[in-house]
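Q: Here it is, the structure, as structure tokens.
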Amino acid sequence: MQAAQLNNEWRVNSVEVPLFSASESIYAFIEPELWPEWNAELSSHIDELDIVNLFNATQFSAIKNGPVVVNLLSSQVLLDVCIKKMSATHCGALFHTDIETNRSALMYSLRNALVVKKGRGEVFLRYYDSRGLLPLVASMSNEERRDYFSPINKITWFSKAWLSVSVFAPIAPSFSDYQWSITEQHFASMQSILTQW
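Taking this note's numbering, the leading residue of the sequence shown gets 3, the next gets one more, and so forth.
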């Protein structure tokens, strides 16, 4: 069976493994339901983990065992543990920001992105799910990526291979209330991408 190929129109790249850059911070989005021992495995390599529960201060805060955001603190060991686990289990993704990014602004934006417009209503979007990231980001225009994921500048995840998507420099101010509108065209594009990948 031949391996799936990335379509150039998707604007997604294959990478050997995620790497640190001196100018960025990497945040691991982890789904505890899929990696129950994440805290013990990561904590054994560092004195204190920098952890934020993604659903805190949102309408989803009552959901137990929701996704967590772990600042990897430029620790190669923590990154290696995440790479190993994420390569074997679809338990999360890596979100890269500029090293100067304000954590409060980052969490505000990430929590705001959980709900998107669909027609006259709103829907919950698990944008951090590695199984759905390829069709999600590939269905978006560069401008939609920039506005939706601000202040993220790159996302790396495992889906048959390590994939990476760059997000252009955000123009939205910190603490932006931007809400992406997902359309039937986006859904059709996502379905098409899933059948190709």
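Here a beta-carbon is modelled for each residue, glycine too, at the ideal position from N, C-alpha and C.
At the level of alpha carbons, what is the spacing between M109 and I157?
A: The straight-line gap from Cα to Cα measures roughly 15 Å.
Q: Between the stretch 85-96 and the stretch 27-39, are three or more C-beta pairs nearer than 8 Å?
A: Contact holds: three or more Cβ-Cβ distances are below 8 Å.
Q: Taking H188 as part of the alpha helix (DSSP H), name the residues at either end of that continuous run.
A: Residues 186-198.
Q: Could you name the residues of the same chain whose beta carbon sits closer than 8 Å to that of S77, not counting the 5 residues immediately before and after it, in chain order?
A: Correct list, in chain order: H47, I48.
Q: Under the three-state reduction of DSSP, which class applies to H27: helix, strand or coil?
A: Note that residue 27 corresponds to Ser in the displayed sequence, not to His. S27 falls in the strand class under three-state DSSP.
Q: Leaving out five residues before and five after F126 in sequence, what residues of the same chain have Cβ atoms less than 7 Å from its Cβ?
A: Excluding residues within five positions, the ones whose Cβ falls inside 7 Å are L116, V117.
Q: By the three-class DSSP mapping on this structure, what secondary structure does N104 have?
A: Looking at N104 - three-state DSSP - the assignment turns out to be coil, as it is neither helix nor strand.
Q: Grab the span of the alpha helix (DSSP H) containing L135 for me, first residue to last.
A: First-last of the alpha helix (DSSP H) with L135: 135-141.
Q: According to DSSP, is E95 part of a helix, a strand, or is it coil?
A: Contrary to the premise, residue 95 reads as Ala rather than Glu in this sequence. Here A95 sits in strand by DSSP.
Q: Identify the continuous beta strand (DSSP E) that holds L165 and give its terminal residues.
A: Start and end: 164-168.
Q: Comparing alpha-carbon positions, which option in P69, N55, V167, V83 lies nearest S45?
A: When only C-alpha atoms are compared, the closest one is V83.
Q: Return helix, strand or coil for M3, following the three-state DSSP convention.
A: Any answer about M3 is weak, because its pLDDT of 35 lies below 50 and its placement is not dependable; what the coordinates show is given next. In the structure shown, M3 sits in coil (DSSP, three-state: anything other than H, G, I, E or B).
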